[in-house]
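Chemist: Have a look at the structure that comes next, please.
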Amino acid sequence: MTVSVMITTRNRIVDLRRTCRALQQLNPLPLEMLITIDGSTDHMAEAVKAELPQARTFVNPMGLGSVASRDRMMREARGDLVLALDDDSYPEQLDCIARIVPFFEQRPKLAVLHFPQRTDEYPQTLQQTDFSPEHLTRSFANSGAVLRRSTYLRLPGFEPRFFHMYEEPDYALQCIAAGHDVLFSPVVTIRHHYSGQTRDEIRVHHRHARNEFWSALIRCPFPFAPGILAWRVFSQLRYASKRGWSWVVREPLWWVQALAGIAYCLRKRMPVSWAEYKRWLALP
């Protein structure tokens, strides 16, 4: 089986350069590398071509978001498998491709394989050696996961309207409802430098909350959907309250965004069965 690598980036050339150099050391090398420059300045495209002239580069002059960018690369990739990374993350094992491929060859139901991350966001992980054993999950992180492309093309895939955040649990739900597995394994570890550049905690929270609401509206069956939607709003408000009143008073910002997308979500509605939805919810 062949492996493509996909990365989406926006104005983080230092992080991207470090990741590209790490990927060039892999043995064996991936079939190809796909990089989407999403709404970045002109020098980003030049820098990517200088660093990785062989990479297939896509440029979004106006930012379409990481979700739409990844959806396009999944459809454009030539590999049987696609290793999804952020511009500031890369596998620590140089033989990672040789470790990954057998999982998919031996498990035809495996749709997504993802890995533990050593990340600056959680400094205690930087020296960690003992990670959780293999287990099925209801989500994964696109900063370090491998997706089976044939499965992706049979499902709706990442929802471009999300722009950024929550495409992973939404896609995992699609996979699990279709009888596929999402598996966590420590067979590979990901070094995630987790750049603080272009990140805004409240904006990330709002996008996550809005997209979680939209996902429930698209995937959750009636008559259970209203209860799930109400719970999503309450749980996000509860999280905001733990961060302080400056977060709570801004919660209505994402409520307005969520309401504005209801008509779109109803047009895209593809509910799974309640049994499948409950099975997804029960996974860690």
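Per the numbering used here, the sequence shown runs over residues 26 to 309. Glycine included, C-beta positions come from ideal geometry on N, C-alpha and C. This one's a predicted model, so the numbers in the text were calculated from it and none came from an experiment.
Of the residues 237, 280, 60 and 114, which one's Cα is nearest the Cα of residue 164?
Modeler: Walking along the sequence shown from the start, residue 164 turns up at place 139. The residue with the shortest Cα to Cα distance from residue 164 is 237.
Chemist: For my contact list, residue 171 and residue 138 are in at a C-beta cut-off of 8 Å; report their separation, rounded to the angstrom.
Modeler: As a first step, residue 171 must be located in the sequence shown, where it is residue number 146. As a first step, residue 138 must be located in the sequence shown, where it is residue number 113. Sure, about 5 Å apart at Cβ, within 8 Å.
Chemist: Looking only at its own chain, which residues have a Cβ that is under 7 Å from the Cβ of residue 190, when we skip the five neighbours before and after it?
Modeler: By 1-based counting over the sequence shown, the position of residue 190 is 165. These residues qualify, in order along the chain: 229, 232, 233 and 236.
Chemist: Taking the beta strand (DSSP E) that residue 44 falls in, what are its first and last residues?
Modeler: Residue 44 sits at position 19 when you count from the first residue of the sequence shown. From DSSP, residue 44 is part of no beta strand (DSSP E) but of the alpha helix (DSSP H) over 38-48.
Chemist: Tell whether a beta-carbon distance below 8 Å holds between residue 209 and residue 276.
Modeler: The residue given as residue 209 occupies position 184 in the sequence shown. The residue given as residue 276 occupies position 251 in the sequence shown. Cβ atoms of residue 209 and residue 276: not closer than 8 Å.
Chemist: Taking the straight line between their C-alpha atoms, what separation do you get for residue 93 and residue 266?
Modeler: Looking up residue 93 in the sequence shown gives position 68. Looking up residue 266 in the sequence shown gives position 241. The alpha-carbon atoms of residue 93 and residue 266 are separated by roughly 31 Å.
Chemist: Can you tell me the Cα-Cα spacing of residue 292 and residue 203, whole angstroms?
Modeler: Against the sequence shown, residue 292 aligns to sequence position 267. Against the sequence shown, residue 203 aligns to sequence position 178. If I take the Cα positions, the gap works out to 21 Å.
Chemist: Look up residue 27 in the DSSP assignment and say whether it is helix, strand or coil.
Modeler: Against the sequence shown, residue 27 aligns to sequence position 2. Coil, per DSSP.
Chemist: For residue 197 and residue 207, which I take to be in contact (beta-carbon distance under 8 Å), what is that distance rounded to the nearest angstrom?
Modeler: The count along the sequence shown starts at 1 and reaches residue 197 at position 172. The count along the sequence shown starts at 1 and reaches residue 207 at position 182. The Cβ separation is near 5 Å, so the contact holds.
Chemist: Alpha carbon to alpha carbon, how far is residue 45 from residue 97? Give it in angstroms, no decimals.
Modeler: If you number the sequence shown from 1, residue 97 lands on position 72. If you number the sequence shown from 1, residue 45 lands on position 20. Taking the straight line from one Cα to the other gives about 20 Å.
Chemist: Between which two residues does the beta strand (DSSP E) carrying residue 87 extend?
Modeler: Position 62 of the sequence shown, counting from 1, holds the residue named residue 87. Segment: none, residue 87 is in no beta strand (DSSP E) and carries neither H nor E.
Chemist: Which of helix, strand or coil does DSSP assign to residue 114?
Modeler: Start at 1 with the first residue of the sequence shown, and residue 114 comes out as number 89. Residue state, collapsed to three classes: strand.
Chemist: What residue range is occupied by the uninterrupted alpha helix (DSSP H) comprising residue 195?
Modeler: Working through the sequence shown from its first residue, we reach residue 195 at position 170. First-last of the alpha helix (DSSP H) with residue 195: 192-202.
Chemist: Indicate whether residue 244 and residue 297 have their beta-carbon atoms separated by less than 8 Å.
Modeler: Reading the sequence shown from its first residue, position 219 is the one you call residue 244. Reading the sequence shown from its first residue, position 272 is the one you call residue 297. Closer than 8 Å, so yes.
Chemist: Does DSSP put residue 126 in a helix, a strand or coil?
Modeler: The residue given as residue 126 occupies position 101 in the sequence shown. Reduced to three states, the DSSP call for residue 126 is helix.
Chemist: Looking only at DSSP bridge pairs, what is residue 169 linked to?
Modeler: Residue mapping note: residue 169 aligns to position 144 of the sequence shown, counting from 1. Beta-bridge pairing links residue 169 to 110.
Chemist: Below 8 Å, how does it come out for the stretch 79-95 and the stretch 179-193: are there three or more Cβ pairs, yes or no?
Modeler: Touching, yes.
Chemist: Considering only residues of the same chain and omitting the five flanking positions on each side of residue 183, which have a CB-CB separation below 7 Å?
Modeler: Position 158 of the sequence shown, counted from the start, is the residue given in the question as residue 183. The answer, listed in chain order, is 92, 95, 96, 192 and 196.
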